[in-house]
Ligand SMILES: Cc1cc2nc3c(=O)[nH]c(=O)nc-3n(C[C@H](O)[C@H](O)[C@H](O)COP(=O)(O)O)c2cc1C
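Numbering (the numbering used here), first residue to last: 218 to 405.
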């Protein structure tokens, strides 16, 4: 079993990092293997629709995404932790989503999926918004993230949303329930 923990906050030691560290602690305490991806530290080029994946399997770009295709495939699941930026995902997370075009093309153009479509994988989403709750706060993040999990053939089990983080920092009390849900589902 190996879980991917993908953190898309560009800021160190803030709310997303706090959640990441609590998830790490939970997985460690339960002897569950994991890999952490702080995408702020990754060298990633954006998809420029070069056309490579339309003609060949995979992506031609030689950056830190190279291993990700295989790691998505091998993983038992993926836990994404992301801030809301302008009601949407931060740009570098969108970059990751766009690079999944190589997987999309492998399925629907080449009929030779880069990802095992029958493997069971669990997905979890933590989304953090700085403002007090408002109607559209998480809407623009939900849509691409649903697509993200679908593209990597991972079932989105639970999404956890936290607002008002600019006033009230995330603490253990706020996320405790989510950690219990996470563990229960991972162990099943
Ligand atoms: C460029 C930018 C755009 C943001 N847009 C929103 C927004 O649309 N809605 C919201 O609730 N918070 C917004 N925020 C606030 C962040 O979601 C909030 O500060 C969050 O805690 C950031 O996560 P972090 O603490 O892990 O860095 C924005 C912050 C930045 C820097």
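Even for Gly, the Cβ is constructed at its ideal location relative to N, Cα and C. These numbers were taken from a predicted model, which means no experiment stands behind them.
For residue i, which residues in the same chain have their Cβ closer than 6 angstroms to its Cβ, ignoring the five residues on either side in sequence?
i: residue 395; result: 377
i: residue 297; result: 223 and 342
i: residue 251; result: 220, 222 and 244
Once you ignore the five residues that flank residue i on each side, which residues in its own chain have a CB closer than 7 angstroms to its CB?
i: residue 400; result: 243 and 247
i: residue 276; result: 269, 270, 282, 316 and 319
i: residue 278; result: 262
i: residue 249; result: 218, 220 and 403
Measuring alpha carbon to alpha carbon, tell me which of the options ends up nearest residue i.
i: residue 362; options: 315, 390 and 393; result: 315
i: residue 310; options: 220, 218 and 225; result: 225
i: residue 360; options: 328, 388, 256 and 342; result: 342
i: residue 323; options: 369, 259, 231 and 392; result: 369
i: residue 354; options: 326, 304 and 386; result: 304
i: residue 351; options: 250, 374, 301 and 405; result: 301
i: residue 272; options: 326, 260 and 284; result: 326
i: residue 258; options: 336, 280, 387 and 241; result: 280
Going by DSSP, what residues sit across from residue i in a beta bridge?
i: residue 297; result: 223 and 342
i: residue 305; result: 302
i: residue 251; result: 220
Which class does residue i belong to by DSSP, given the choice of helix, strand or coil?
i: residue 379; result: strand
i: residue 331; result: coil
i: residue 372; result: strand
i: residue 359; result: helix
i: residue 397; result: helix
i: residue 352; result: coil
i: residue 228; result: coil
i: residue 236; result: helix
Who are the near neighbours of residue i in its chain, counting only those whose CB is closer than 8 angstroms to its CB and skipping five residues on each side?
i: residue 286; result: 275, 276, 319, 320, 331 and 332
i: residue 263; result: 312, 315 and 316
Strictly under 9 angstroms for the Cβ-Cβ distance: is residue i near chain C by that measure?
i: residue 246; result: The structure shown contains no chain C; it is built from a single protein chain.
Run through the segment 257-292 for me and flag every whole alpha helix (DSSP H) of 4 or more residues, listed as ranges in chain order. Runs of the alpha helix (DSSP H) inside the segment 257-292: 269-272 and 283-291.
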